[in-house]
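Student: Take this structure first; my questions come after.
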Amino acid sequence: MRDESAYSQMAAELLAWYDRHARVLPWRVPPDGGKADPYRVWLSEVMLQQTTVAAVKEYFHRFTTRWPNVEALAAADDADVMAEWAGLGYYARARNLLKCARAVAAQGGFPKTRAKLQELPGIGPYTSAAIAAIAFDRPETVLDGNVERVMARIFDDHTPLPAAKPVLTDYAARLTPVQRPGDYAQAVMDLGATICTPRNPACGICPWRGPCAARASGTAPSLPRKTPKAAKPIRFGIAYIGRRSDGAWLLERRPPKGLLGGTLGWPGTVWAESGLVETPPLPANWRALEEEVRHTFTHFHLRLSLRVALLPIDAPGHFVPDAQFNPRDLPTLMRKAHALAASELGA
DNA sequence: CATTCGTGGTT
DNA sequence: TAACCAAGAAT
Numbered sequence: 001m002r003d004e005s006a007y008s009q010m011a012a013e014l015l016a017w018y019d020r021h022a023r024v025l026p027w028r029v030p031p032d033g034g035k036a037d038p039y040r041v042w043l044s045e046v047m048l049q050q051t052t053v054a055a056v057k058e059y060f061h062r063f064t065t066r067w068p069n070v071e072a073l074a075a076a077d078d079a080d081v082m083a084e085w086a087g088l089g090y091y092a093r094a095r096n097l098l099k100c101a102r103a104v105a106a107q108g109g110f111p112k113t114r115a116k117l118q119e120l121p122g123i124g125p126y127t128s129a130a131i132a133a134i135a136f137d138r139p140e141t142v143l144d145g146n147v148e149r150v151m152a153r154i155f156d157d158h159t160p161l162p163a164a165k166p167v168l169t170d171y172a173a174r175l176t177p178v179q180r181p182g183d184y185a186q187a188v189m190d191l192g193a194t195i196c197t198p199r200n201p202a203c204g205i206c207p208w209r210g211p212c213a214a215r216a217s218g219t220a221p222s223l224p225r226k227t228p229k230a231a232k233p234i235r236f237g238i239a240y241i242g243r244r245s246d247g248a249w250l251l252e253r254r255p256p257k258g259l260l261g262g263t264l265g266w267p268g269t270v271w272a273e274s275g276l277v278e279t280p281p282l283p284a285n286w287r288a289l290e291e292e293v294r295h296t297f298t299h300f301h302l303r304l305s306l307r308v309a310l311l312p313i314d315a316p317g318h319f320v321p322d323a324q325f326n327p328r329d330l331p332t333l334m335r336k337a338h339a340l341a342a343s344e345l346g347a
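According to the UniProt record's numbering, the residues represented by the first sequence are 1 to 347, in order.
Right under this line is the structure:
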C-alpha cells in the first residue's frame, strides 16, 4: 500500500490542507506568494531552534527592524546582538548567528545547497534542510521534533528516540515531494504543531487520518517513545549586585563559552551542588537578601542567593552607567536577580 | 552516542 | 507541581 504514488498522494493532501490552514507568521511567505528572503528564513529558523513560535515573534521583529539584512547584522557589535538576544535562551545561537552573518556577508550571500549551508556556524541538519527547502526551493527533508512525532505515528514506529532518528529521517524523506518542498516542510511542522500534538492529537480532523498506522492501532498519543531523561540536581550559588554612588551597576561579561556564555551578568560564585563559599568581586559591606532566585536550566535547578552593596565612586570593576543600563539586556536569570535587588539599591 | 546549552507555556 | 515540551547544534 505504501508505494510511491501513495506517498505522493499523501504529500498532495497535506499541501492542500496547508493551503487552507497555514498559520500567518511574520517570516512566512504566503503559499505561492512572493519569494522567500533567505535572511529572514535563516534568522527565524535559528530563533525557532528549541523555541516556541510565540517567544520568537517579538525577537524576530526587533532583529529585522534593527538589522534588515545580513550585511547590517554582520556589521553589528557583539554586545548589541547579545543584548537583543537576551531572554531568548541558548546563547550559543546568538554567538553563532553573528559569526554566520559575517561569513555570509563576506561570501556575498547565502549558499543555496544544504551541504554548503551546513558548513556555516549554528546551521545543523535541521536548519540547513529548512533553509534549502523554504528559501531556495530545494527538495530537502526537514526533521524536527514535529516531524519526528508525525512520522513515528504515521508509521507506528515504537523505536525510542534518539535511536529512532535515522529511521524517522528515512520515513520523512520518502514522503517529501519534489513540488513545493518549502511549503511541504512547513506543512508537516504545522501539522505537528496544531493537530498531531504531543498529548491529545486531533486525529479526527487530521488530513493524514486515513493512512496513519498509529491512529489505527490507538497508539498515537504514546508516540514517539523517548528514552527517559536524568533527574535535575539542585545547584547553589551567590550573586553580588553592586551599585556605585552615582547609580552605575557592577556587571561582567561572562566567558564566551559555556552556560550563558557571552552574556552580561552579575559577578558571583561558581554554581555547584555543594561547597559554596563567599567570593565577593570586591571588599564591601555586602548584605544578604532573604529571598533567593530560583531558576531552572536544561539540566539543573539553580538557587541563587543574592548580596547587595552600595559602592564608593572609585570602586574598581566594570560599571555600567544607570542611563545605559537596561535589565532587558540581561538573560532571564540575571533579570530575576535585578528585580529582587533593585529596591534594596534605590532603583 | 551522551552531554551541554535557556526559557516559558502546558499538562 | 513537577515533568514535559518547543521549527536543534556543538562537542
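The C-beta atom is built at its ideal place from N, Cα and C for all residues, glycine as well.
1) Where Met1 and Leu73 are concerned, what is the direct C-alpha to C-alpha distance, given to the nearest angstrom?
2) By DSSP, does Met1 sit in helix, in strand, or in coil?
3) Per DSSP, what kind of secondary structure is Ile123 in: helix, strand or coil?
4) So for Ala94, helix, strand or coil by DSSP?
5) Can you tell me the Cβ-Cβ gap for Pro26 and Lys57, rounded? I've got them flagged as a contact below 8 Å.
6) In the structure shown, what three-state DSSP assignment does Asp329 receive?
7) Tell me whether the beta-carbon of Ala172 lies closer than 7 Å to the beta-carbon of Pro201.
8) Using only the alpha-carbon positions, how far apart do Val293 and Ala12 sit?
9) Does the beta-carbon of Gln186 have 16 or more other beta-carbons within 10 angstroms, so that it is buried, or is it exposed?
10) Please classify Val29: does DSSP put it in a helix, a strand, or coil?
11) Buried or exposed, going by whether 16 or more other CB atoms sit within 10 Å of the CB of Ser305?
12) From the DSSP output, read off the bridge partner residues of Tyr240.
13) Using the rule of at least 16 other Cβ atoms within 10 Å of the residue's Cβ for burial, across every protein chain shown, is Asn326 buried or exposed?
14) Put Phe60 into one of helix, strand or coil per three-state DSSP.
15) Tell me whether the region 275-282 and the region 213-227 touch, counting them as touching only if at least three CB pairs, one residue from each stretch, are closer than 8 Å.
16) Mapping DSSP to helix, strand and coil, what is Leu161?
17) Does DSSP put Arg149 in a helix, in a strand, or in coil?
18) Can you pull the DSSP bridge partners for Val320?
19) Given Asp137, which residues of its chain have a CB within under 7 Å of its CB, disregarding the five upstream and five downstream residues?
20) Which residue comes first and which comes last in the alpha helix (DSSP H) that contains Val293?
21) I'd like to confirm the pairing. Which residues does DSSP put opposite Gly268 in its beta bridges?
22) So, using beta-carbon positions, are Val178 and Pro139 closer together than 7 Å?
23) Using beta-carbon positions only, say whether Leu264 and Leu330 come within less than 7 Å of one another.
24) Is DSSP giving Leu88 helix, strand or coil here?
25) Per DSSP, which one or two residues make a beta bridge with Ile234?
26) Specify the secondary structure class of Lys226 as computed by DSSP and reduced to three states.
27) What separation, rounded to the nearest whole angstrom, lies between the Cα atoms of Thr159 and Leu175?
28) Less than 7 Å between the beta carbons of residue 348 and Ala105, yes or no?
Tutor: So, from the data block:
1) Interpretation of Met1 is limited by its pLDDT of 47, a score under 50 that renders its predicted location unreliable; no figure is taken from the coordinates.
2) Any answer about Met1 is weak, because its pLDDT of 47 lies below 50 and its placement is not dependable; what the coordinates show is given next. It is coil, neither helix nor strand.
3) In the structure shown, the three-state DSSP call for Ile123 is coil.
4) Under the three-state reduction of DSSP, Ala94 is assigned to helix.
5) Contact flag correct, Cβ pair sits at about 6 Å.
6) It is helical.
7) Taking the C-beta atoms as reference points, Pro201 is found no nearer than 7 Å to Ala172.
8) Each residue's alpha carbon lies about 51 Å from the other.
9) Around the C-beta of Gln186, 16 or more other C-beta atoms lie within 10 Å, and the residue is accordingly described as buried.
10) Under the three-state reduction of DSSP, Val29 is assigned to coil, being neither helix nor strand.
11) Ser305 should be labelled buried.
12) The partner list for Tyr240 (beta bridge, DSSP) reads Arg307.
13) It counts as exposed.
14) Under the three-state reduction of DSSP, Phe60 is assigned to helix.
15) The region 275-282, when compared against the region 213-227, does not touch it at the 8 Å Cβ threshold.
16) DSSP places Leu161 in strand when its eight states are reduced to three.
17) Helix at Arg149.
18) Per DSSP, the beta-bridge partners of Val320 are Trp249.
19) Taking C-beta separations shorter than 7 Å and ignoring five residues to either side along the sequence, the partners of Asp137 in its chain run Pro181, Gly182, following chain order.
20) Taken as a continuous stretch (DSSP letters only), Val293 belongs to no alpha helix (DSSP H), being part of the beta strand (DSSP E) at 293-296.
21) According to DSSP, which records beta bridges pairwise, Gly268 is partnered with Ala239.
22) Closer than 7 Å, so yes.
23) Contact flag set, yes.
24) Reduced to three states, the DSSP call for Leu88 is coil.
25) Note: Ile234 sits in a beta bridge opposite His301.
26) When DSSP states are grouped into helix, strand and coil, Lys226 belongs to the strand group.
27) Separation of Thr159 and Leu175 (C-alpha to C-alpha, rounded to the nearest whole angstrom) is 19 Å.
28) An answer regarding residue 348 cannot be provided, because it is not within the stretch 1 to 347 covered by the chain.
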